[in-house]
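Quick note, the sequences are listed as chains Y and F, same order.
Per the numbering used here, the first sequence starts with residue 26, numbered consecutively.
Per the numbering used here, the second sequence starts with residue 26, numbered consecutively.
Notes follow the structure.
Protein chains: 2
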Amino acid sequence: MKECTIKHNGNRSYSCTVELTLQVIGGKWKPVILYHLSRVDCLRFGELKKSMPNITQKMLTQQLRELEQNGLVNREVYAQVPPKVEYSLTTFGLTILPVLNSLREWGDTFEQRLESV
Amino acid sequence: MKECTIKHNGNRSYSCTVELTLQVIGGKWKPVILYHLSRVDCLRFGELKKSMPNITQKMLTQQLRELEQNGLVNREVYAQVPPKVEYSLTTFGLTILPVLNSLREWGDTFEQRLESV
DNA sequence: CGGAATCCTTCATGATACTG
DNA sequence: CAGTATCATGAAGGATTCCG
C-alpha cells in the first residue's frame, strides 16, 4: 500500500497513467469516433456525423478538437466552398487501436456474463 | 461506415463493448481502487481509504459497491465490533488487470510525448 | 458544409453531519 | 470502523440558433 501522488501536466492532473489514457480516449464519444476513423483512410465531418446518429454537432466538433490536440487525429481543411474537412488517424493515433481492442475484448466477455444471468 | 445500434442491458446502454468496459472500470476512482487491490490479497476499507487520501468515504463506498455488483470485487464482512470489512479482487476481477496494464502502458507513452514538448 | 455561440439539463463527484 | 443521508457543486453533455 502506497500513497498516491498526483501529477500535473498543463491543465491535466492524474495519479496514474491509466487515468491519463482514460482522459484522452474516455468519455461518451471518443472511442466510437476512433473506431470509425480506424476503418477507413479518412472521413469527412458529415460522414462521421451520419455514422453516429445520436451525437450532436457540438459534441462531435469538440471531441475531434480534443483528439486533434492530443495528436491522435489529423484535421485537413480544403479551401473550397462549400467547406470540406477530412479527419483521419495520425500515426500516433494508430497506436491506440490495440488498447481499444483490449477494452473491446474484455467488454465482450463481460457482456456474456451479463447475458448469462 | 455503418450505423451504430445501441444495446440495452438492464439499466445500461452502450453502442459497443468498449463503452461497456469503460462503464465498468471508468470514472475517477475505479482504476486506482483496482490497482491497490491488485497489489495485495485483500484490503480493509480503512486501509484502502488511507492509500487514496483524496477520495471521500462516500465515493469509496459507492465505487466499491459498483465493482462488487459487476463481479470484480469481493466484499467480506466480519461480524465483530468494531466492524471489519475486507475487499479483494474476484477471479473475474483479475481478468481486468491486463486491460489496465494496456491502458497504463499507452498512458506512459503518451506522458512522454507530453513532456517532450 | 462545417462549424461557433449561447443557454440549459443531467450526472458525477464532493462536503458535511450523523450512526450501529 | 465502516458505513448512510442530505445537500451542494462543477463538469459533461445536449438543444437551439446563427454564420462564412
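Glycine residues also receive a C-beta, built at the ideal position from the N, C-alpha and C atoms.
Listed by chain order, chain F residues near residue i by CB distance under 7 Å
i      : result
Y:E16  : The requested residue 16 of chain Y does not occur in the structure, where chain Y is confined to residues 26 to 142.
Y:L132 : Going by the sequence as given, residue 132 of chain Y is Gly instead of Leu. Those are T42, V43, L45, T46, listed as they occur along chain F.
Y:Y103 : Result: empty, since nearest Cβ-Cβ is about 19 Å, beyond 7 Å.
Reference residue i; option with closest CA among the options
i      : options                        : result
F:P78  : F:I58, F:G51, F:T115, F:E101   : F:I58
Y:Q88  : Y:S141, Y:P107, Y:K55          : Y:K55
Y:L45  : F:V142, F:S141, F:D133, F:L85  : F:D133
Y:L68  : Y:Y112, Y:R129, Y:V102, Y:N95  : Y:Y112
F:G71  : F:E136, F:V65, F:Q82, F:Y39    : F:Q82
Y:L128 : Y:I50, Y:H33, Y:T30            : Y:I50
Y:E130 : F:I121, F:F135, F:E93          : F:I121
Y:T86  : Y:A104, Y:V110, Y:Y103, Y:Q105 : Y:V110
F:F135 : Y:E136, Y:E140, Y:V124         : Y:V124
Y:T64  : Y:V142, Y:L119, Y:S40          : For clarity, residue 64 of chain Y is Arg in the given sequence; the question names Thr instead. Out of Y:V142, Y:L119, Y:S40, Y:L119 has the C-alpha closest to the C-alpha of Y:R64.
Partners in chain F for residue i, counting only beta-carbon separations shorter than 8 Å
i      : result
Y:R129 : C41, T42, V43, T46
Y:L125 : V43
Residue i: contacting residues in chain F (beta-carbon distance under 9 Å)
i     : result
Y:V49 : W131, G132, F135
Y:N34 : E136, L139, E140
Whole-Å CB distance - residue i paired with residue j, under 8 Å assumed
i     : j     : result
F:V98 : F:L62 : 7 Å
Bridge partner(s) assigned by DSSP for residue i
i      : result
Y:S38  : Y:H33
Y:S113 : Y:N99
Y:L68  : Y:Y112
Within chain Y, the residues that residue i reaches when beta carbons sit closer than 8 Å
i     : result
F:G96 : R138
- Message: By the 8 Å beta-carbon criterion, what residues does the region 110–123 of chain F contribute toward chain Y?
- Response: F117, T120, I121, P123
- Message: If the cut-off is 8 Å on Cβ atoms, which residues from the region 56–67 of chain F count as contacting chain Y, listed in chain order?
- Response: P56, V57, Y60, H61, R64, V65
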